[in-house]
Amino acid sequence: MSDIEARLEDLRETGLYRRMRHVSGPQGSRVVLDGRPVLLLCSNNYLGLADHPRVREAAADAAMRWGAGAGASRLVSGTMTVHRRLEEALAAFKGTESSVLFGSGYLANLGVIGALARLSADTAGSGGPPPVVFSDELNHASIIDGCRLARAETFVYDHCDVEHLAWGLRQHRDRPGLIVTDSVFSMDGDIAPLAEIAELAQRHGVRTVVDEAHGTGCFGPGGRGAVAEAGLEGEIDVVIGTLGKALGAYGAFAACSAAMRDLLTNTARSLIFSTALPPPAVAAALAALEVLQEHPEMVDRLQANADAMRDELAREGFEVAGSSTQIIPLVVGDAELAMKVSEQAIEAGVFAQAIRPPTVPAGTSRLRLALMATHTREELRAAARTLGRAALQAGFRPGAGVPVAAAAPAGHPDERLAVAGEDAAAA
Ligand code: PMP
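The structure is reproduced here in structure tokens:
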């Protein structure tokens, strides 16, 4: 057996083997999955904009007007009219002075954390120590990888625990610092205590980066995100958002001051050394942003759907209290059991992907439900019943899941960093 086969066998034996399922047609609220029609309950196309007619037309028009690709890095020949337009629109939307596009949310986190975590180390003659990065233990894999790539000293604080964060800040008071957090946590659907984090950052004189991948377009006034909901617009050093989730396209951005944009343009390696976003993706995101601003009621519909789904799932006996957004985890615990529940649900016409380690901590495998504004109440009611039945058929009693906090890995922060971030998240 080759080392590749051995590794794959190992993944199969531990219930962690993954395969890509095939979806025919666009990412609507209903899709054909491996030939079977299903309700899609695990896509981040939260507002249904990926297949919105205006967004598709904008992409098609941009391909005809500006071509299929950007040709080079933004710094070489890749910055085009459409890139600048979207950056201006995103800065206005997020209430910041400026914004800068990245190839994806993953690349944005790598680039921004890399630039800020190496700031003093790379400044000639500064002589100061590099910043410590304070990172929530359930932050997305791209944040963890950003810390690793920057070779940053990282303090991993317990999930959303501002006391622990404050303790860490006190321990490192002689060092510059950077607090990094998801706003809406991608696998748990809860929200970071942003007001307290911003207050701590100000008190300790450290910078803040907030990843609004699942907040942008989904949460807060007009879908402006959890930062806007907390009244912190313009107060976070860098707000990262993706264009590939609620905005239905592909790519990402960092919303920030003009000086920060300048710094990122000069030092964020994932921006400097990677081809600019293709014009059709940029134009699609711009059109999606326009549709969102014309129809902010889509955001209300999304959150109302999430509320309704939580009620329906609670009626089936599921524990859903941890989520307050469009992401609802049904924590099963065991990886193989979570797969079984997911398979049973697919057979009954509901696609809710099982999420297993290393995307989530060991013992907290789950079905991660992602609601869409375009789901109907009838669809959700039926899906909750299907999920309840699928759980029982697979041998899992709804509500018997392990609370995420109880199963969170303990130990030295560096060990926890490794446990939480071995691989990219699936969402
Ligand atoms: N941050 C978070 C919190 C995410 O959930 C994701 C996507 N899974 C990313 C960043 C990466 O974004 P993208 O898919 O645009 O690379």
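Under numbering that gives the first Met the number 0, think of the first position of the sequence shown as 0, with each following residue one higher. Note that beta-carbon positions come from the ideal geometry of N, C-alpha and C, so glycine has one too.
- Nearest Cα to Q170 within the set R147, E195, V131 and L85: V131.
- For Y105, the CB falls within less than 7 Å of some heavy atom of the ligand PMP.
- Bounds of any alpha helix (DSSP H) do not take in I326; it lies within the beta strand (DSSP E) bounded by I326 to G332.
- By the criterion of at least three beta-carbon pairs nearer than 8 Å, the segment 267-278 is not in contact with the segment 20-27.
- Burial state of S1 is exposed, judged by a 10 Å Cβ sphere holding fewer than 16 other Cβ atoms.
- G167 sits in a helix when the DSSP states are folded into three classes.
- According to the DSSP assignment, S269 belongs to the alpha helix (DSSP H) that extends over R268 to I271.
- In the DSSP annotation of this structure, P356 is not part of any alpha helix (DSSP H), being labelled neither H nor E.
- Under the DSSP assignment, G145 falls in the alpha helix (DSSP H) whose first and last residues are A140 to L148.
- Judged by their CB atoms, V349 and L38 are nearer to each other than the 8 Å cut-off.
- Exclusion of the five residues before and after A393 leaves K339, V340 and Q343 as the residues of its chain whose Cβ lies within less than 6 Å of its Cβ.
- Per the Cβ contact rule, the segment 354-364 is not in contact with the segment 43-52 (fewer than 3 Cβ pairs under 8 Å).
- Judged by DSSP secondary structure, D210 falls within the beta strand (DSSP E) whose first and last residues are R206 to D210.
- Approximately 11 Å separates the beta-carbon atoms of T215 and G221; this is outside 8 Å, ruling out the contact.
- Short of 8 Å from the beta carbon of S323, and not among the five residues preceding or following it, lie these beta carbons of its own chain, in chain order: G188, D189 and I190.
- For the 8 Å CB-CB criterion, V209 and V111 do not form a contact.
- Beta-bridge partners of P279 (DSSP): none assigned.
- Between the ligand PMP and the CB of A212, the shortest heavy atom gap is smaller than 7 Å.
- Check the Cα spacing between S182 and each of P175, P192 and A320: the tightest is with P192.
- Following the DSSP letters along the chain, one finds Y105 inside the alpha helix (DSSP H) bounded by residues G104 to A116.
- The DSSP-derived three-state label of P295 is coil.
- The distance from the Cβ of E234 to that of A225 is about 13 Å, inconsistent with a contact at the 8 Å cut-off.
- By the beta-carbon neighbour count (other beta carbons within 10 angstroms, threshold 16), D9 is exposed.
- Taking the C-beta atoms as reference points, F395 is found no nearer than 8 Å to L301.
- Looking only at A57, R365 and A107, the smallest Cα-Cα distance to R260 is reached by A107.
- About 6 Å separates the beta carbon of R367 from that of C41, a gap short enough to meet the 8 Å contact definition.
- In this structure, the CA atom of L168 is about 7 Å from the CA atom of H203.
- G219 places its beta carbon less than 8 Å from that of E228.
- Within the same chain, Cβ atoms closer than 8 Å to the Cβ of A59 are found at P279, the five residues on either side in sequence being excluded.
- Contact annotation: H158 and D135 have beta-carbon atoms nearer than 8 Å.
- For P52, the uninterrupted alpha helix (DSSP H) run begins and ends at P52 to W65, by DSSP.
- With a cutoff of 7 Å, S141 counts as near the ligand PMP, since its C-beta is closer than that to a heavy atom of the ligand.
- In terms of Cα proximity to T78, the closest of G14, L100, A91 and A351 is L100.
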